[in-house]
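Chains as they are written, first to last, in my numbering: chain A, 4 to 452; chain B, 291 to 592.
Glycine included, C-beta positions come from ideal geometry on N, C-alpha and C.
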């Protein structure tokens, strides 16, 4: 009797577990399939976009009139951006696929610049035409490679999930067809080397000047510690750790970390080897209350900067985040604001001490420059503005434009509706170099809902 | 002769004192504004009062949110222009005195409305009861906007009485209903990045967290990665915290602070695009990247 009941219960239990296990298994498969499908979509989308890209570049080659060329180039730009986003959805991060992505971005950049420019005034040059031809050939090769991979994927029912696993496990040799295919694509692109995109695409090449304007002698580790202590305002009771930059860095720097033994408060700082300039400085301290105003903090920041040899600075932006003031300063040379020379300072609003500094941009771009005379009068530049914008403030400024060149501009701060805009008009050519909508404070959503 | 000058001086001083005393009384009574100079970017009670007073006079038509943004800045400058003050966009003592004299500030009305998250306005010459919006901000609010605003000058006489008589018991610090965000980002971007940073680097020192946030931003700017914060974070296999769900842990304040620092321009990594933990890294490829430096447990590379 008892045995019968026991057997019954156990059977029920086993049956229940089996059913539950089967359910779980089905759910797991459904989820996996879902993920697999989204990978598949991104992949097939990518090959389609590359197909399209090749076609479109081909058609632009045959075009002549400005009316059809500009839209076609804009289309190329759009396709590259979609292909780029497809690549971003594939699990390729662990696979070196940078060159291909970079290549896509460069085509996009090139076509965008050509598309927005007035091709009636300035038609495609012979060189650009040649570049376009080169791109056509190269995109055809990429297209071919990708199509081969796609064919294999479809024929052998390959799954991206397996790619993920193969990439994630270190031991398994990378002999997956998809991985091989993408590696071939990458190699093909790499062999193009530096395709000459002409002067229009410098914007992409990130300016990495390696602090070429810095002056001074190479400092020693001990000097670096001294500098760091000065910035942190530390005396005596600190644990000091210094490390040098790794081999991959383009420039030499020391990283100094100072740990206050009593308060357990840590300050970190990177200092250039050449000349001992502060790249950045962060002191991680909780600032619990506000006892000085943002304005007082500004003055503290100015004083701090002056004490450390940063001179002729204008306050450009000030913002309060809880009990911390964050300020951006830019150089002011003879009443011309030099925007590339930006320096950020963070001030604690409880005691006015500096708890952060970021001088990277400043150090990279600050040097004695020849500021050209403006060829246009201010009034002329103002006429170039949208007449609906009510100008409130103006000044002369140097900014870095889309082509990564420093240009002299008239800067206008204007109001249109409820919004404030910062507009830069080139003081030589009168081109609208940059228009920025300045952000207003964002409402806190918890309070709105 | 000397004596005469001295006498004159004394006389002038006394006159000034006598003239100043009645002016300063209302301020002492209601203790409007703290003595700080209020500048662009500031947050807090003083800004709420500044915005309310500017709105009372019709200079400021934006939302009273306690953050000194561009709208407040231009309103203040216009006020300074109309009242013959030096136009610097800073609310210093002189400007504040003028403001207090020219406007009323009903602290209770403003703060009650702020606390309840209501839409409201604070215009002079309009019954306050009419300036409260519906409990949950709807679109009807536009109806409440005062019509036929009178110019500030004509309002002055009735406002002369001094500042907000109804200002009742001092309240605890009012939290502003808006916040500063770094240019080009939203609070939700900050939140999302804080989630990623917390999931990836919660055991790391503070600089290590700023560094992780900086890598995310470096990737957004790079041509070889997606161009949005979410695109970078959710790129498959990019971050382990995303893959194993740790990104959905609730981040602490420190992670948010680290993200803000990175957005405001701090990059402790020297433009790194990758980082890995040498103890747990699963890919051999990552070791081939040029290494820039090590922060905490992570090695940062290009």
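Backbone secondary structure at residue i - three-state DSSP
{"i": "residue 431 of chain A", "result": "coil"}
{"i": "residue 361 of chain A", "result": "strand"}
{"i": "residue 379 of chain A", "result": "coil"}
{"i": "residue 581 of chain B", "result": "strand"}
{"i": "residue 369 of chain B", "result": "helix"}
{"i": "residue 148 of chain A", "result": "helix"}
{"i": "residue 349 of chain B", "result": "coil"}
{"i": "residue 487 of chain B", "result": "helix"}
{"i": "residue 504 of chain B", "result": "helix"}
{"i": "residue 413 of chain B", "result": "coil"}
{"i": "residue 518 of chain B", "result": "coil"}
{"i": "residue 494 of chain B", "result": "coil"}
{"i": "residue 525 of chain B", "result": "coil"}
{"i": "residue 221 of chain A", "result": "strand"}
{"i": "residue 289 of chain A", "result": "coil"}
{"i": "residue 373 of chain A", "result": "coil"}
{"i": "residue 180 of chain A", "result": "helix"}
{"i": "residue 571 of chain B", "result": "coil"}
{"i": "residue 428 of chain B", "result": "With a pLDDT of 37 at residue 428 of chain B, under the threshold of 50, the predicted position of this residue should be treated as unreliable, though the coordinate-derived value follows. The answer is coil: DSSP assigns residue 428 of chain B none of H, G, I, E or B."}
{"i": "residue 576 of chain B", "result": "helix"}
For residue i, the first and last residue of its enclosing alpha helix (DSSP H)
{"i": "residue 34 of chain A", "result": "5-65"}
{"i": "residue 112 of chain A", "result": "101-119"}
{"i": "residue 74 of chain A", "result": "69-91"}
{"i": "residue 396 of chain A", "result": "First-last for residue 396 of chain A: 393-403, but that is the beta strand (DSSP E), not the alpha helix (DSSP H)."}
{"i": "residue 561 of chain B", "result": "No alpha helix (DSSP H) holds residue 561 of chain B; DSSP gives it neither H nor E."}
{"i": "residue 273 of chain A", "result": "Counting along the chain, residue 273 of chain A falls outside any alpha helix (DSSP H), though it belongs to the beta strand (DSSP E) covering 269-275."}
{"i": "residue 307 of chain A", "result": "297-310"}
{"i": "residue 228 of chain A", "result": "224-235"}
{"i": "residue 399 of chain B", "result": "397-405"}
{"i": "residue 389 of chain B", "result": "383-392"}
{"i": "residue 551 of chain B", "result": "543-553"}
{"i": "residue 532 of chain B", "result": "530-533"}
Opposing strand residues paired with residue i [DSSP bridges]
{"i": "residue 467 of chain B", "result": "Bridge partners of residue 467 of chain B: none, in fact."}
{"i": "residue 322 of chain A", "result": "A:329"}
{"i": "residue 246 of chain A", "result": "A:258"}
{"i": "residue 357 of chain B", "result": "B:333"}
{"i": "residue 283 of chain A", "result": "A:273 and A:361"}
{"i": "residue 590 of chain B", "result": "B:565 and B:583"}
{"i": "residue 317 of chain A", "result": "A:333"}
{"i": "residue 241 of chain A", "result": "A:263"}
{"i": "residue 437 of chain A", "result": "A:427"}
{"i": "residue 378 of chain B", "result": "In the DSSP output, where bridge partners are listed per residue, residue 378 of chain B has none listed."}
{"i": "residue 390 of chain A", "result": "According to DSSP, which records beta bridges pairwise, residue 390 of chain A is partnered with nothing at all."}
{"i": "residue 94 of chain A", "result": "DSSP, once it has assigned bridges, lists no residue as partnering residue 94 of chain A."}
{"i": "residue 328 of chain B", "result": "B:381"}
{"i": "residue 446 of chain A", "result": "B:468"}
{"i": "residue 422 of chain A", "result": "A:419"}
N-terminal and C-terminal residue of the beta strand (DSSP E) that residue i is part of
{"i": "residue 343 of chain B", "result": "It is not in any beta strand (DSSP E) - residue 343 of chain B instead sits in the alpha helix (DSSP H) that spans 335-346."}
{"i": "residue 417 of chain A", "result": "409-419"}
{"i": "residue 125 of chain A", "result": "Run containing residue 125 of chain A: none; DSSP gives neither H nor E here."}
{"i": "residue 342 of chain A", "result": "339-351"}
Supposed contact pair residue j and residue i - C-beta distance, whole angstroms, cut 8 Å
{"i": "residue 500 of chain B", "j": "residue 551 of chain B", "result": "5 Å"}
{"i": "residue 532 of chain B", "j": "residue 483 of chain B", "result": "Not confirmed; about 12 Å, so no contact."}
{"i": "residue 131 of chain A", "j": "residue 117 of chain A", "result": "7 Å"}
{"i": "residue 255 of chain A", "j": "residue 276 of chain A", "result": "4 Å"}
{"i": "residue 272 of chain A", "j": "residue 237 of chain A", "result": "Actually they are not in contact, since the Cβ atoms of residue 272 of chain A and residue 237 of chain A sit about 11 Å apart, beyond 8 Å."}
{"i": "residue 163 of chain A", "j": "residue 42 of chain A", "result": "4 Å"}
{"i": "residue 438 of chain A", "j": "residue 399 of chain A", "result": "The Cβ separation is near 17 Å, so there is no contact."}
Chain D within 8 Å of residue i, Cβ atoms only
{"i": "residue 496 of chain B", "result": "No chain D appears in the structure shown, which is made up of the protein chains A and B."}
Just checking, does the stretch 320-339 of chain B make contact with the stretch 314-322 of chain A on the three C-beta pairs under 8 Å criterion? In this structure the stretch 320-339 of chain B lies against the stretch 314-322 of chain A, because at least three pairs of beta carbons, one per stretch, are closer than 8 Å.
Any 3 or more C-beta pairs closer than 8 Å across the stretch 342-351 of chain B and the stretch 391-409 of chain B: A contact between stretches requires three or more CB pairs, one per stretch, nearer than 8 Å, and the stretch 342-351 of chain B meets this requirement with the stretch 391-409 of chain B.
Between the stretch 492-510 of chain B and the stretch 59-69 of chain A, do at least 3 Cβ pairs fall closer than 8 Å? No, the stretch 492-510 of chain B is not in contact with the stretch 59-69 of chain A.
Say whether the stretch 77-92 of chain A touches the stretch 46-61 of chain A, bearing in mind that this needs 3 or more beta-carbon pairs closer than 8 Å, one atom from each stretch. Between the stretch 77-92 of chain A and the stretch 46-61 of chain A there are three or more inter-stretch CB-CB distances shorter than 8 Å, so the stretches are counted as touching.
Three CB pairs or more closer than 8 Å across the stretch 367-384 of chain A and the stretch 431-447 of chain A: Counting Cβ pairs under 8 Å, three or more are found: they touch.
Would you call the stretch 506-517 of chain B and the stretch 358-377 of chain A touching, i.e. three or more CB-CB distances under 8 Å? In short, these stretches do not touch, since the Cβ pair count stays below three.
On the three-pair Cβ rule with 8 Å, is the stretch 346-357 of chain A touching the stretch 297-317 of chain A? The answer is yes - the stretch 297-317 of chain A touches the stretch 346-357 of chain A, with three or more Cβ pairs under 8 Å.
Within the chosen definition, does the stretch 16-24 of chain A reach the stretch 75-85 of chain A through at least 3 CB pairs nearer than 8 Å? Cβ pair count under 8 Å is below three, so no.
Stretch pair the stretch 347-364 of chain B + the stretch 408-428 of chain A: three plus CB contacts closer than 8 Å: Touching, yes, given that three or more Cβ pairs across the two stretches are closer than 8 Å.
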